[in-house]
Amino acid sequence: MYIGLDLGTSGVKAALVDEDETVLAEATAPLTVARPHPGWSEQSPADWLSATEAALTELTRAHAPRDVRAIGLSGQMHGATLLDRARDVLRPCMLWNDTRAHVEAAAMDARPEWRRITGNIVFPGFTAPKLEWVRRHEPEIFSRVDTVLLPKDYLRLWLTGDAVSDMSDASGTGWLDVGARDWSDELLAASGLSRDNMPALVEGSAPAGRLREDLARRWGLGADVIVAGGGGDNAASGVGVGAVAPGRGFVSLGTSGVIFAASDGFQPDPGSAVHTFCHALPDLWHQMGVILSCTDAVNWFAGIMGREVADLTGSLGPLRAPGDVVFLPYLGGERTPHNDAAARGVFAGLGHATDRAALTRAVLEGVCHAFRDNLEALRATGTQIDSLLAVGGGTRSEYWLRALATALDMPLDLPVAGDFGGAFGAARLARMAAAQGGASLAPPPRIARTIAPDPALTGAFAEAHRRYRATYSALRGIT
397 MYIGLDLGTS GVKAALVDED ETVLAEATAP LTVARPHPGW SEQSPADWLS ATEAALTELT
457 RAHAPRDVRA IGLSGQMHGA TLLDRARDVL RPCMLWNDTR AHVEAAAMDA RPEWRRITGN
517 IVFPGFTAPK LEWVRRHEPE IFSRVDTVLL PKDYLRLWLT GDAVSDMSDA SGTGWLDVGA
577 RDWSDELLAA SGLSRDNMPA LVEGSAPAGR LREDLARRWG LGADVIVAGG GGDNAASGVG
637 VGAVAPGRGF VSLGTSGVIF AASDGFQPDP GSAVHTFCHA LPDLWHQMGV ILSCTDAVNW
697 FAGIMGREVA DLTGSLGPLR APGDVVFLPY LGGERTPHND AAARGVFAGL GHATDRAALT
757 RAVLEGVCHA FRDNLEALRA TGTQIDSLLA VGGGTRSEYW LRALATALDM PLDLPVAGDF
817 GGAFGAARLA RMAAAQGGAS LAPPPRIART IAPDPALTGA FAEAHRRYRA TYSALRGIT
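Its first residue numbered 397, the sequence shown is counted upward by one per residue in the working numbering.
Below, the structure is given as structure tokens:
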């Protein structure tokens, strides 16, 4: 058996998977996010450990974990977990969607070596500008920083005692030479750091430590359990859905939104705000467009309305053309294609006839338009995607799926029932680490059905997308 652990923003998920890739048991434990100031987003690493322990305890009680050979890790990327020499946490972790370091990120991005070495824009959510923010605003804490870890790698430190990261997660720090798959001494020095402050690097499918004996006993696991390198959440999801060969891709409707495509070469285009990162498997890279608020925007709106998301979206009826209301889902800034940390959400075109259903459709459509921006940015780099596998919690909305297929003018494949996200991908990486296997252990799932674009509405969605882009352009710098 193999265990996959996914440290998400809203919770930790654990999955127990057997040799035939049957998911035998799953467990989750919730997490909350602190937002003490506008643009800030933090979590306590101690909460990650508590949630992981709760999830694994529930998992191992639900199904006797016989012969667990390995554990794989997946996690939210970019978070800055700062440890002192005693490996104590110095401050709350600044998360992937924390944009306070936008000034520091812009200053770094203005220096050509950052894009040249990393192949990416220095986004405010990346780890490097967060450290620069700490250096400027919390110098006493910065002076005590001994080790910088990403969120899932802090879990690994607790599980194994080893400070290790994988190539895919490290790609989002701003310190990795993504083409060479190694830390950049030049960029670390520019941040007042060195390799001594960084974890060791392994491929996601390689062993990266052994589970501590006391933890193995606590959960009834055997001795010598391997902990795999694992991956950043999107790379691990790519492994989970079989996007491990050039041209294979998926669209994820999670807290954030992602369009992901695997590649066998390093082909950066930072000017497009497309991310070009190492994949979780050797000799593979991936490109992705990222929107910061996907289901996060829908959940926000449902909270304002005092309704459940399923109630709001389930009562919309058949897909219809977008109305007058335009929604920009930039609740905490945006990455692809704008790289605009200051952007904020907007409803435009409100009128007396605007009702709850119209606003609900506008929110769903706004996220669809943001995904179209991402697809166009990916295509501008030369990446060709003819169809996408749709995953994530947002796929539970039939209306949203049909709107997205029509907005993208692209069919969306839905896998057979099952969760093929980060925890499942992490379990696959665990199996690879134990068996010394590779991409052949990550086949794509069977397709249950395909959502086709509505040809009668593609023109209306294209026109709505033009109004969406015009609204952002007109309001940029105001919101």
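Beta carbons: idealized from backbone N, C-alpha and C, even for Gly.
{"query": "For residue 690, three-class secondary structure by DSSP", "result": "coil"}
{"query": "8 Å Cβ cutoff, residue 739 in contact with chain B", "result": "Of the chains in the structure shown, none is chain B; there is only one protein chain."}
{"query": "Member of 838, 481 and 411 whose CA lies at the smallest distance from the CA of residue 540", "result": "481"}
{"query": "Terminal residues of the beta strand (DSSP E) in which residue 543 lies", "result": "543 to 545"}
{"query": "Cutoff 8 Å; reference residue 487; Cβ partners in own chain excluding five residues on either side", "result": "478, 530, 534 and 537"}
{"query": "Residue 454 - partner residues in DSSP beta bridges", "result": "In DSSP, residue 454 forms no bridge with anything."}
{"query": "Identified DSSP bridge partners for residue 555", "result": "BP columns for residue 555 are empty, so no partner."}
{"query": "Residue 648 in three-state terms, based on DSSP", "result": "strand"}
{"query": "Exposure of residue 788, with buried meaning 16 or more beta-carbon neighbours within 10 Å", "result": "buried"}
{"query": "Residue 415, DSSP secondary structure in three states", "result": "coil"}
{"query": "For residue 723: DSSP bridge partner residues", "result": "743"}
{"query": "Spatially closest choice to residue 576 from 558, 554, 514 and 603, by CA coordinates", "result": "514"}
{"query": "Span of the beta strand (DSSP E) around residue 671", "result": "671 to 674"}
{"query": "Residue from 767, 719 and 761 whose Cα sits closest to the Cα of residue 750", "result": "719"}
{"query": "Segment limits, alpha helix (DSSP H) that includes residue 798", "result": "794 to 804"}
{"query": "Residue 770 to residue 580 span [Cα, whole Å]", "result": "28 Å"}
{"query": "Proximal residues to residue 785 (C-beta, below 6 Å), its chain only, five neighbours per side dropped", "result": "637, 646 and 809"}
{"query": "Check whether residue 633 and residue 709 have beta carbons under 8 Å apart", "result": "no"}
{"query": "Assigned exposure category for residue 687 - 16 Cβ within 10 Å defines buried", "result": "buried"}
{"query": "Strand pairing of residue 398, partner residues [DSSP]", "result": "413 and 466"}
{"query": "Runs of beta strand (DSSP E) wholly within the region 568 to 637 (minimum 3 residues, chain order)", "result": "596 to 598, 603 to 606 and 622 to 624"}
{"query": "Own chain residues within Cβ distance below 7 Å of residue 495, not counting five before or after", "result": "435, 520, 521, 728, 729 and 737"}
{"query": "Span separating the alpha-carbon of residue 818 from that of residue 617", "result": "22 Å"}
{"query": "Local conformation of residue 429 per DSSP, three classes", "result": "coil"}
{"query": "8 Å Cβ cutoff met for residue 485 and residue 441", "result": "yes"}
{"query": "Rounded straight-line distance, which links the Cα of residue 474 to that of residue 427", "result": "17 Å"}
{"query": "Stretch-stretch touch, CB-based, cutoff 8 Å, three pairs: the region 662 to 680 with the region 691 to 709", "result": "no"}
{"query": "Cα-Cα separation, residue 871 to residue 447", "result": "41 Å"}
{"query": "Nearest to residue 578 (by Cα), restricted to the options 795, 639, 463 and 561", "result": "561"}
{"query": "Contact the region 624 to 633 vs the region 668 to 688: 3+ CB pairs below 8 Å", "result": "yes"}
{"query": "From 831, 839 and 863, residue whose alpha carbon lies closest to that of residue 623", "result": "831"}
{"query": "Residue nearest to residue 420 in terms of C-alpha spacing, selected from 759, 449, 869 and 464", "result": "464"}
{"query": "Proximal residues to residue 668 (C-beta, below 7 Å), its chain only, five neighbours per side dropped", "result": "733, 773, 776 and 777"}
{"query": "Where residue 528 sits in the DSSP three-state scheme", "result": "helix"}
{"query": "Where residue 655 sits in the DSSP three-state scheme", "result": "strand"}
{"query": "Three-state secondary structure assigned by DSSP to residue 825", "result": "helix"}
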